[in-house]
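Residue numbers (the working numbering): 239 to 529.
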């Protein structure tokens, strides 16, 4: 049985190999001179040729499709890489635009008649349960900087100089519990005293010394009063977010958030010799551009 199977396989192989030669012999003959053997060979070979042809065409189509898919995949990978590069470039340009805008605002602030100032870059923050401090590095070394000097940004009060080590400065933020500054309501001119809450999860401060008779509401902007000749008058400090009214004779509880976003603070100005006779809001209006 195994021998017969082997012979059968051999015969089939021989027929498949010999078929093209018989086909060639038959095809080169003139059609009108085909004999019975030629017609028999053609009738046997034609289906085989058809199958071969279909297999070859199918294989060719698959191969071309495969090549096309490979090219498409490569193009997609290239486009994806270009897309990533373009997104990175857009982000870089957007960041540069933001930095340029902040630098322009800082330059305008330096040009305002608020006294002599030195610019600095934020390099670190150190928040503990006792202090809220940010660390600055001076753009230029200055020997005139001393503790307690005012620090401001285009959006308002940052705080005051706490320590000076060479060209590095620690600044006590306006939200620190030990920081306080005399202020007034820009809308009603009501006086108050703003003190940081020291909250470690939120940048907040409270407005003290606001009596039950004083008009104050959420959205009011408190600015520096200029009293004490520390900060120039009119620099934004904080905006009221909540007011708890009290009975007659007691102070209201007023909660506010600083106008400066300390989490995004990059640059600041140290006022070496503040011009307390000028009104900051007249020179650099703020409240009109903010809600």
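Don't be surprised by glycine CBs; every beta carbon is placed ideally from N, CA and C.
Asked, Found
"Would you kindly work out how many angstroms separate the C-alpha atoms of residue 510 and residue 381, rounded to a whole number?", "10 Å"
"In whole angstroms, what is the alpha-carbon distance linking residue 423 and residue 321?", "50 Å"
"For the 8 Å Cβ check, are there 3 or more pairs between the stretch 461 to 471 and the stretch 442 to 452?", "no"
"Please classify residue 527 as buried or exposed, where buried requires at least 16 neighbouring CB atoms within 10 angstroms.", "Here the model assigns residue 527 a pLDDT of 35, short of 50, so the residue's position is not dependable and the matter cannot be decided."
"Please list, in chain order, all residues of the same chain as residue 482 whose beta carbon is under 6 Å from its beta carbon, the five residues on each side excluded.", "491"
"How would you write the range of the beta strand (DSSP E) that residue 403 sits in, first residue to last?", "394 to 403"
"Between 293, 396, 408, 438, which has its C-alpha nearest residue 419's C-alpha?", "396"
"Would residue 503 be called buried (16 or more neighbouring beta carbons within 10 Å of its own) or exposed?", "buried"
"Comparing alpha-carbon positions, which option in 467, 495, 489 lies nearest residue 480?", "495"
"Just curious, the beta strand (DSSP E) that residue 460 is in, first and last residue?", "459 to 462"
"Residue 523: buried (16+ other C-beta within 10 angstroms of its C-beta) or exposed?", "Confidence is the limiting factor: at residue 523 the pLDDT is only 38, short of 50, which leaves the residue's position unreliable and the question unanswerable from this model."
"Are the Cβ atoms of residue 463 and residue 486 separated by less than 8 Å?", "no"
"Have a look at residue 328 and residue 316 and give me their C-alpha separation to the nearest angstrom.", "18 Å"
"To which residues of the same chain is residue 488 closer than 7 Å at the C-beta, ignoring the five residues directly before and after it?", "450"
"Hey, out of 466, 448, 484, 425, whose CA is closest to residue 459's CA?", "425"
"Helix, strand or coil, according to DSSP, for residue 438 in the structure here?", "coil"
"Taking the beta carbon of residue 497 as the centre, do at least 16 other beta carbons fall within 10 Å, making it buried, or is it exposed?", "buried"
"Per the DSSP calculation, residue 545 is bridged to which residue(s)?", "Since the first residue shown for the chain is 239 and the last is 529, residue 545 is missing from the structure and cannot be characterised."
"Does residue 525 come out as helix, strand or coil in the three-state DSSP assignment?", "Low confidence applies here, because residue 525 scores a pLDDT of 39, under 50, leaving its location unreliable; read the following figure in that light. Three-state DSSP puts residue 525 in a helix."
"DSSP three-state label for residue 530, please.", "This structure does not reach residue 530, given that the chain is present from 239 up to 529, and the question cannot be answered."
"From residue 433 to residue 417, what does the alpha carbon distance come to, in whole angstroms?", "6 Å"
"Check for me: the beta strand (DSSP E) holding residue 444 runs from which residue to which?", "443 to 446"
"Can you give me the Cβ contacts of residue 447 inside the same chain, cut-off strictly under 6 Å, excluding the 5 residues immediately before and after it?", "430, 431"
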